[in-house]
Each structure stands twice: as structure tokens, then as C-alpha cells.
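Here the structure is laid out as C-alpha cells; the discussion comes afterwards.
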Amino acid sequence: MANGLQEFLWTMLLLFCAIQELGAWAMHTSVEGPGLGQQEDPALLASGRVKRGWVWNQFFVVEEYTGTEPLYVGKIHSDSDEGDGSIKYTISGEGAGTIFLIDEITGDIHATERLDREQKTFYTLRAQARDRQTDQLLEPESEFIIKVQDINDSEPRFLEGPYIGSVAELSPIGTSVMQVMASDADDPTYGSSARVVYSVLEGEQHFTVDSKTGVIRTAVADLDRETQDRYEVVIRATDMAGQLGGLSGSTTVTIVVTDVNDNPPRFPQKMYQFSVVETAPVGTAIGRVKAEDSDIGENTDMTYQVKDEEGVEMFKVTTDSNTQEAVITVQKPLDYESKKVHTVVLEALNKFVDPRFLDLGTFRDQTIVRVSVLDVDEPPEFRPPSDLMEVQEDAHIGSVVGVVTALDPDTANRPVRYAIDRSTDAERIFDIDANTGAIVTGKVLDRETAGWHNITVLAMEADNTAAVHTQRVGFNRQEQDVYLLPILVVDSGPPALSSTGTLTIRICGCDSSGAIQSCNSTAYVVSATLSPGALIALLVCILILVVLILLILTLKRHHKSHLTSEDDEDMRDNVIKYNDEGGGEQDTEAYDMSALRSLYDFSEFKGSDGGGIAGEGGLSGNPASELHSLPQWVQSPDLDFSVFRDYICRKVEQADEDQSVPPYDSFQTYAFEGSDSPVPSLSSINTWSSSSEQDFSYLGGWGPRFRQLAALYAGRRAEEDADAS
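Structure representation (C-alpha cells):
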């Protein structure tokens with residue numbers, strides 16, 4: 030569909046160019062003399078030739094042509110051209126010969142390259158008509174312009190972004206926020222390719238935009254910064270006056286909602302509690318409170334004031350300009366004994382109030398501040414603070430001069446002890462009763478020696494001890510016999526210093542009258558009755574113990590069996606079955622029989638006739654001869670077994686001396702069967718007789734296993750018959 034539309038547009042443009050060409054041709058044909066802008070050539074007039082003029086179309090070329098053939102631009106033509114090809118047309122100037130080519134005979138001009146109007150809007154060229162034979166100008170050189178015709182190939186663009194605007198919260202509908210502007214590179218004088226209209230793509234719920242000017246305005250009147258302080262609005266610009274097929278571009282506009290003083294201050298709490306010692310000097314800060322304000326900037330600046338009369342007299346409030354907090358300070362000395370708690374009404378109000386929003390309510394708030402005065406252990410005070418006393422010089426020692434009185438200003442009214450500062454009475458002329466404050470003479474007085482005595486009396490609190498009291502009746506040594514009680518000791522000096530000690534309280538055993546019998550730790554017999562929980566715990570413990578014992582025994586047995594299997598594997602004995610003869614004496618898979626026979630000397634049998642040895646050459650290749658060459662062992666009284674005895678003894682001694690060899694060595698020999706078996710031999714193979722009347726032909730019927738044995742005895746029988754013959 031897009032290709033069809035493009036072809037339609039190209040057709041319309043070419044039709045438009047053809048109409049212009051026909052109009053220009055008609056205009057030139059109706060006017061005599063030189064062409065447009067052409068001057069008469071005096072030389073041509075002198076030669077008697079008739080004035081001639083240029084004839085061509087007004088030249089336009091459409092940009093972004095994508096065809097495969099050169100684009101026809103127009104035709105230059107001289108009215109002296111009779112069509113015989115005697116005139117040669119040429120062009121020069123911008124793009125001549127590269128972008129624009131001309132047919133020398135017809136004067137048709139074609140564009141060979143794709144042109145872009147946004148890069149160059151027109152080209153200036155010059156045309157010449159020459160005689161093809163003489164190459165002389167037939168017409169004066171004339172200048173013409175090829176204008177690049179615009180198409181809508183450029184979308185609108187916002188070149189001044191990013192855009193950031195602002196508007197005050199609660200602004201009325203239609204309040205101007207800012208203006209955006211998009212530019213289009215297409216030709217604004219031709220068609221609607223560069224005619225741009227604006228619209229809101231995102232954010233139309235809160236803002237609008239003027240379609241022609243691009244001015245953004247508010248669409249609602251309830252913009253609240255405390256709810257949302259910024260909006261992202263997308264503005265779209267579309268060319269072709271917004272018609273179908275127009276190109277568009279968009280930009281994001283950030284609109285910041287600025288603050289106005291539309292929120293009053295509010296205290297987070299309706300009551301605050303602080304404490305201060307009664308000896309705090311004037312100007313001591315008691316505490317800080319702050320009223321919250323949802324606004325920002327100078328709209329949160331606060332002013333605080335005390336509203337009640339009592340609070341104004343005792344306390345002062347100031348505003349911290351950095352944190353906007355109310356700082357409460359002592360304005361008059363405090364006295365715990367006079368008043369323990371002060372209640373202050375504190376008010377906060379905005380410093381800058383916008384009269385436009387007074388209808389939203391009062392822009393102030395109040396809270397209550399309770400100040401607790403803490404008691405301080407104050408020293409006793411003399412009543413009256415000083416006194417003048419008189420005494421006769423002849424007064425006896427111990428006579429009462431006067432009585433001083435000091436009271437503890439604290440509510441506890443602790444008793445007071447008195448003493449004389451001996452730095453003012455080094456000679457101890459006077460004494461004082463520590464409890465009553467009565468001053469008495471300590472020495473005889475002499476007015477002529479000293480008519481005045483200035484002494485300093487000290488008054489000190491006497492309850493400097495601490496008492497420990499029980500808070501329950503009765504203690505059980507079986508539950509707990511020792512208690513560790515931490516004790517904190519604090520003095521009353523400025524600053525107060527403290528230390529911690531531990532008091533150990535031991536529960537002692539007493540008799541019925543309350544006399545202490547013993548305070549040592551003793552063992553107690555547990556009651557025979559157990560609770561169900563204790564019984565269950567005991568059974569669980571026993572069960573766990575039994576499981577552990579079984580597990581240990583299992584692991585031990587497994588370990589022992591593992592060791593036993595390893596020992597069995599290490600035994601160097603072989604179990605050999607003798608329930609069948611197998612393959613005879615040639616079956617030597619269990620032991621190397623030649624190694625066993627090497628221990629003995631069978632030389633005496635080699636030359637014996639009864640040995641059946643076939644000659645001195647050794648064993649013959651005949652199976653029957655090999656059978657006779659095998660040693661046949663029998664018990665002989667001449668054999669000496671001392672060689673075996675000596676060998677076995679040596680092996681036993683070596684085994685006893687070797688610490689690394691386990692004690693399970695053994696020695697076995699299978700060279701002979703032993704002596705005199707009560708059971709007769711199962712075979713006649715072991716006989717010494719070289720001749721036997723037994724027929725071994727029955728061995729052939731025993732099956733494949735005894736086939737070789739039958740062949741051996743059959744061969745032996747044949748040899749015996751040959752020897753006998």
C-alpha cells in the first residue's frame with residue numbers, strides 16, 4: 030500500500046511538471062526576441078540574422094528519487110533548432126556532468142543521483158547551444174536553475190530538549206507551565222510537510238498542550254506536591270498538519286510541582302515529658318520538641334511560644350534555625366520541695382503564612398510539655414544562717430554557750446550531725462554536741478586575752494548507711510542458700526560519682542526459737558517421691574544409656590570381626606580337597622611339586638632297577654616311560670629324616686627371632702604319603718612291581734576325563750608285553 034501511494038505521488042508530481050513545461054513553452058512561443066533575461070547580441074544583428082531565443086521548461090527535480098533509471102528533469106531548446114542535429118546542446122555549472130547529464134542532440138536533461146532538498150535546495154547551471162560543425166555559439170550562454178522539489182521525508186524534532194518546567198501546586202486549571210517547539214527540515218513554503226501540530230501522548234490526565242503553539246497548561250486544579258512532586262509528560266509533534274501519513278516525533282517533559290504553604294505545623298505527640306534536677310542553673314536546656322510540616326523550604330520555618338502564665342515564668346523557648354526545633358530552657362531556679370512537676374503549653378506556628386490558603390484551617394498547633402523536677406540531696410541549712418553568742422569569762426568548762434540549728438531541706442528530713450571546723454578553733458576552746466548542736470566551753474576563757482572567738486560550725490547529714498530488707502516471708506535453703514545482691518553507691522557531689530559492690534547473703538539454718546545453727550553448705554536428701562516429669566526424664570536417660578552401650582558393643586564386634594577376617598586372609602594355608610584324584614600327579618596347581626622335591630636327594634632311586642628309569646638319558650618322550658620315571662615313595666628303614674628335622678628346627682628358630690612375623694608359621698610337605706595306611710591303596714599305580722596282571726582297559730569306559738590315564742596304562746601294558754616277549 031505504501032508503494033502504491035508513493036507511485037501515485039510521483040505520477041502527480043510528473044504531471045505537475047508537465048503542465049508547467051507546457052505553460053512555459055506557450056509563453057516563449059508567443060514572445061519574439063531573446064529568451065527570458067536574454068540580451069540582444071550586436072554581432073548577430075550586424076550579420077543580418079534573425080534574433081533567436083531559448084526555449085525550455087521551468088526545471089524541477091523531486092528529491093529522494095529511488096527509481097533505477099535516470100530521472101527526467103527537463104529540456105533546453107533553441108528556436109533555431111530545425112531538428113536536423115546540427116545544434117549541440119551543452120551545460121555547465123553546479124552538478125553538470127556528474128549529477129545532471131544532457132543529451133547533446135535533443136537537449137533533454139536527466140538527474141543521475143538521488144538528491145536531498147534538506148542538503149541543497151537548488152542548483153545553478155548555464156546552457157549553451159553550439160554549431161556542431163564549427164563549435165560556435167549559436168545563442169548567448171544563458172543561466173537557469175534546477176530546484177529540488179520537497180517531499181515529506183523529515184519528521185519533526187524537538188531540538189531544545191530535555192525540557193524541565195515547573196508549576197505551583199493547587200494552581201488553577203489552564204495555568205501555563207512552559208512551551209515546547211519542534212522543527213521540521215522539510216520545505217515550509219511547499220505543501221504541509223513542515224506544518225506541525227502538538228498533542229499529549231502521556232500525562233493528558235493532568236496537562237494539556239496547545240496544538241499550534243506547543244504551550245503546556247494544567248488540566249486539573251488539585252495538583253498536590255505532597256502527593257506527587259513531579260510528572261513526566263510526553264508531547265508529540267506531527268507534520269502534515271496531523272493528517273494521515275504525517276511523520277511525528279516526541280519528547281519527554283519533566284514538570285516539577287513547587288511547594289506552597291498549604292500544610293499547617295503538627296506536633297507528632299500531644300504530650301512530651303522531660304526531667305531536670307532542681308539544682309540546674311538558669312539557662313539549662315531541658316529538652317527539644319519539633320512540629321512536623323509536610324511543606325518544604327521556607328514554608329517549614331517555625332516559631333514557638335509558651336502559652337500559659339506559669340510556663341512563661343519558669344521556662345523559655347527558642348527556635349533552632351537549622352533544625353526548626355523548639356529548645357526549652359530553665360528561666361527561673363527550680364525547687365523540688367516547692368513543686369515537683371510543671372506543665373507547659375507549647376504552641377508552634379508557621380513563620381510565613383500564605384493568605385490564599387487561610388481557608389484551609391489554622392496554621393498552628395499546640396502540645397503539652399511536662400517537666401519533672403528531680404530531687405537532689407542538698408546540704409543542711411542553718412536557721413538562722415549565722416548567730417552571735419555571748420559567754421562569761423568566768424564560765425566553767427562545759428558551760429553551754431549557745432545552740433545552733435540546721436535543717437535538711439530535702440523531703441526526707443534526715444537527722445543532722447554537727448562539728449566544729451578545727452581550722453578555726455585549733456586550741457579547742459569550744460566543743461559542740463554532735464546531735465543537739467549545743468556549743469560548750471572546752472577551756473577557761475579570759476576576756477583580757479581574747480575578747481572574740483570566731484568559729485565555724487559544720488552541719489552534716491547523719492542517714493549515710495543503707496539497710497537491706499526482705500520482701501517475702503521465709504526462705505528455703507534447699508531451693509537457694511546464697512543470694513548475690515548488687516549494690517550501687519552514688520554520692521551527691523557535682524558530678525555524681527558511683528560504684529557497684531556485691532553483697533553476699535547466705536541463708537542459714539535456724540532452730541524453732543530462731544537461733545542460727547549452721548550457715549555452711551550441706552547436702553540435702555531428695556524426697557523419695559518423684560514427679561511424673563522427673564520420672565520420664567530418668568527413664569529417657571536410662572534408655573539413652575542402654576542405646577549407647579548396645580552401639581558400643583556392636584561397633585566393637587564389628588571391629589573384631591573385621592580384624593578376624595583380615596587375620597584369616599593373611600593365613601598362608603590352602604585348603605585342598607582330596608575327594609577325587611583330579612588329573613593325577615600332573616595336577617600341580619596347588620603347589621609346585623618340583624620345589625618340594627628339591628629338598629630331598631632322590632639320587633639313590635635313579636639307578637635302581639625297581640625305579641623303572643628308562644636309561645641314563647633322563648625322561649623319554651614316551652608317556653609310558655614318563656610314568657615309570659616318576660618317583661615311587663615307600664617307607665624305607667634306611668631313610669634318614671634328620672635333614673627334615675634340622676630344616677624344621679632352623680625355620681622355627683628364625684620364626685622365634687623375627688619379631689615382625691605373626692605366630693602362625695607352618696611347614697608342610699607332600700612328597701610322601703606317610704607310613705602304613707590302614708586303608709589299602711585305591712590304585713595300583715603306586716606299586717613297585719614292574720609287571721602286573723591287572724587289565725587297565727576298563728579305564729577307556731570312564732569317560733573323557735580318564736582318557737589320558739587310559740592311554741598311559743595302555744602304553745605301559747604294551748611295553749611290558751614287549752619286554753616279556
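In my numbering, each number is its position in the sequence shown, counted from 1, plus 29. Idealized CB from N, CA, C, for every residue including glycine.
Which residues DSSP lists as bridging residue i, in chain order
i: Q395; result: E376
i: F764; result: The shown model of the chain, from 30 to 754, leaves out residue 764, and the question about it has no answer.
i: S277; result: T267
i: A125; result: F129
i: V102; result: Paired residues: none, contrary to the question.
i: G431; result: I468
i: V282; result: Y192, V262
i: H425; result: According to DSSP, H425 bridges with nothing at all.
i: V400; result: F303, H371
Assigned secondary structure, residue i (DSSP; H/G/I helix, E/B strand, else coil)
i: S547; result: strand
i: Q208; result: strand
i: Q737; result: helix
i: A491; result: coil
i: C678; result: helix
i: E231; result: strand
i: V238; result: strand
i: G729; result: helix
i: I245; result: strand
i: C570; result: helix
i: E686; result: helix
i: R259; result: strand
i: F411; result: strand
i: I565; result: helix
i: T119; result: strand
i: L580; result: helix
i: H587; result: helix
i: S221; result: coil
i: L252; result: coil
i: V405; result: coil
i: L436; result: strand
i: V382; result: coil
i: V420; result: coil
i: S107; result: strand
Contacts around residue i, its chain only, beta-carbon distance under 8 Å, and the 5 residues preceding and following it disregarded
i: T332; result: T348, A377, L378, N379, K380
i: P185; result: A211, S212, D213, V225, A266, T267, D268, L276, S277, G278
i: V341; result: V335
i: S541; result: none
i: T150; result: K176, V177, D216
Sequence-distant residues of the same chain with beta carbon closer than 7 Å to residue i, five excluded per side
i: R317; result: E354, A355, V356
i: E147; result: S183, A214
i: L517; result: S527, T529
i: T329; result: D322, Q353
i: V555; result: Any reading at V555 must be qualified, since the residue scores a pLDDT of 41, below 50, and its modelled position is unreliable; no value is offered.
i: G427; result: V469, T470
Alpha carbon of residue i to alpha carbon of residue j, nearest angstrom
i: K361; j: A424; result: 50 Å
i: E172; j: T204; result: 56 Å
i: K589; j: L582; result: 10 Å
i: V238; j: V359; result: 60 Å
i: I677; j: S726; result: 44 Å
i: I134; j: F89; result: 21 Å
i: G243; j: I174; result: 37 Å
i: I245; j: N351; result: 38 Å
i: E92; j: T119; result: 24 Å
i: R443; j: V306; result: 20 Å
i: K585; j: G562; result: 35 Å
Contacting residues, own chain, Cβ-Cβ under 6 Å from residue i (five flanking each side not counted)
i: E301; result: Correcting the residue identity first, residue 301 is Tyr in this sequence and not Glu. For Y301, where only same-chain residues beyond five positions count, the Cβ hits under 6 Å are V318, V398.
i: D110; result: I116
i: F386; result: D291
i: V519; result: A525, S527
i: F411; result: A435
Complete runs of the beta strand (DSSP E) confined to the segment 127-198 [at least 3 residues]: When DSSP assignments are scanned along the segment 127-198, the uninterrupted stretches of beta strand (DSSP E) that are 3 or more residues long and fall wholly within it turn out to be 129-131, 137-140, 151-160, 171-178, 192-197.
Segments of 3+ residues assigned as beta strand (DSSP E) that fall wholly inside the segment 445-488: Taking only runs of at least 3 residues, the beta strand (DSSP E) segments lying wholly in the segment 445-488 are 445-449, 459-461, 467-470.
Mind pulling the beta strand (DSSP E) runs of 3 or more residues that sit fully within the segment 285-361? Runs of the beta strand (DSSP E) inside the segment 285-361: 300-306, 314-318, 331-335, 344-348, 355-359.
Within the segment 490-544, note down every full beta strand (DSSP E) run reaching 3 residues or more, in order along the chain. Whole beta strand (DSSP E) segments, 3+ residues: 511-519, 527-535.
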